[in-house]
Amino acid sequence: QKEVEQDPGPLSVPEGAIVSLNCTYSNSAFQYFMWYRQYSRKGPELLMYTYSSGNKEDGRFTAQVDKSSKYISLFIRDSQPSDSATYLCDGSSNTGKLIFGQGTTLQVKP
Amino acid sequence: NAGVTQTPKFQVLKTGQSMTLQCAQDMNHNSMYWYRQDPGMGLRLIYYSASEGTTDKGEVPNGYNVSRLNKREFSLRLESAAPSQTSVYFCASSDAATQYFGPGTRLLVL
């Protein structure tokens, strides 16, 4: 079992929809959780970063961590075609090594 | 401020050939990483370097070697390329838990 599991999709939604992307993890030592966005033929870029449990909001994006169930979520409100990309979740303990999920491909149709 | 740069952008090798992928960062980060990304597999860590002069194996180190030449540069070497090493290779550097990725090197081994 991979330490971080993510449904690869693809996920296709109409413009304006609320998108929910999810990951589960198995390592109880993880304290840092991140979401990266990767456009086609580009490197991943950091989108959201949370420490321990709780929610974090940034514009249309909300990251949520539930350490009791080892569940990580990213919500995108009012989704736009420009949000079409692959979204990677990852977890990290204090070692600094990040463990990535497989990535979920999202397509937002106009 | 270029961030993380990688060369070359694209390379074709024949089985058995060797090559070195170059990576440099100008953000004064201590930690640097090499990943490979394959369809359905997400990002897998090959090697990482927590600081200048140190390197450690990641999830998939076989067939690769690395050199942390100085704080800025971290190279990845394939001594005898195999078709299974056809992939997209990403270098990253980090401060604490946030990683910054380069644009990637697409490698095709025939």
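Chains as they are written, first to last, in the numbering used here: chain A, 33 to 142; chain B, 5 to 114. Just so it is clear, CB atoms sit at the ideal spot from N, CA and C, and this is done for glycine as well. Being a predicted model, the structure only gives us computed values, none of them experimental.
Only counting the same chain, and skipping five residues up and downstream in sequence, which positions put a Cβ closer than 7 Å to that of residue 140(A)?
The sequence position of residue 140(A) within the first sequence is 108, counting from 1. So the qualifying residues of the chain are 45, 47, 111, 112, 113, 115 and 116.
Do residue 72(B) and residue 28(B) come within 8 Å of each other at the CB atom, strictly closer than that value?
Here residue 28(B) corresponds to residue number 24 of the second sequence, with the count starting at 1. Here residue 72(B) corresponds to residue number 68 of the second sequence, with the count starting at 1. It is not a contact, given that the beta carbons lie outside the stated cut-off.
Between the C-alpha atoms of residue 135(A) and residue 67(A), what's the straight-line distance to the nearest angstrom?
The count along the first sequence starts at 1 and reaches residue 135(A) at position 103. The count along the first sequence starts at 1 and reaches residue 67(A) at position 35. The alpha-carbon atoms of residue 135(A) and residue 67(A) are separated by roughly 10 Å.
If the cut is a Cβ gap below 7 Å, which residues of chain B does residue 133(A) touch?
For the purposes of this step, residue 133(A) is identified with residue 101 of the first sequence, where counting begins at 1. The answer, in chain order, is 46.
Residues sharing a beta bridge with residue 60(B), DSSP:
Reading the second sequence from its first residue, position 56 is the one you call residue 60(B). In the DSSP output, where bridge partners are listed per residue, residue 60(B) has 52(B).
Integer Cβ distance of residue 125(A) from residue 59(A), believed to fall under 8 Å
For the purposes of this step, residue 125(A) is taken as the residue at position 93 of the first sequence. For the purposes of this step, residue 59(A) is taken as the residue at position 27 of the first sequence. Right, the Cβ-Cβ distance comes to about 7 Å (below 8 Å), so this counts as a contact.
From the beta carbon of residue 105(B), is the nearest beta carbon of chain A less than 8 Å away?
If you number the second sequence from 1, residue 105(B) lands on position 101. So yes, residue 105(B) belongs to the interface.
Give the secondary structure of residue 88(B) by DSSP, where H, G and I count as helix, E and B as strand, and everything else as coil.
Taking the second sequence and counting its residues from 1, one reaches residue 88(B) at position 84. It is helical.
Can you find a CB in chain B that lies within less than 8 Å of the CB of residue 79(A)?
As a position in the first sequence, residue 79(A) is number 47, starting the count at 1. No, residue 79(A) lies away from the interface with chain B (no Cβ there is under 8 Å from its Cβ).
When DSSP labels each residue in this structure, what does residue 30(B) get in the three-state scheme?
Here residue 30(B) is taken as the residue at index 26 of the second sequence, counted from 1. Here residue 30(B) sits in coil by DSSP.
Helix, strand or coil for residue 113(A) per DSSP?
Looking up residue 113(A) in the first sequence gives position 81. Helix.
Mind checking if residue 75(A) is an interface residue toward chain B, Cβ cutoff 8 Å exclusive?
Here residue 75(A) is taken as the residue at index 43 of the first sequence, counted from 1. So, interface residue.
Please confirm if residue 52(B) has its CB atom under 8 Å from at least one CB of chain A.
Within the second sequence, numbered from 1, the residue matching residue 52(B) stands at position 48. Cβ-Cβ to chain A under 8 Å: yes for residue 52(B).
When the Cβ atoms of the stretch 91-98 of chain B are set against those of the stretch 17-31 of chain B, are three or more pairs found closer than 8 Å?
yes
State yes or no: is the beta carbon of residue 49(B) nearer than 8 Å to at least one beta carbon in chain A?
Looking up residue 49(B) in the second sequence gives position 45. Judged by the 8 Å Cβ criterion, residue 49(B) is in contact with chain A.
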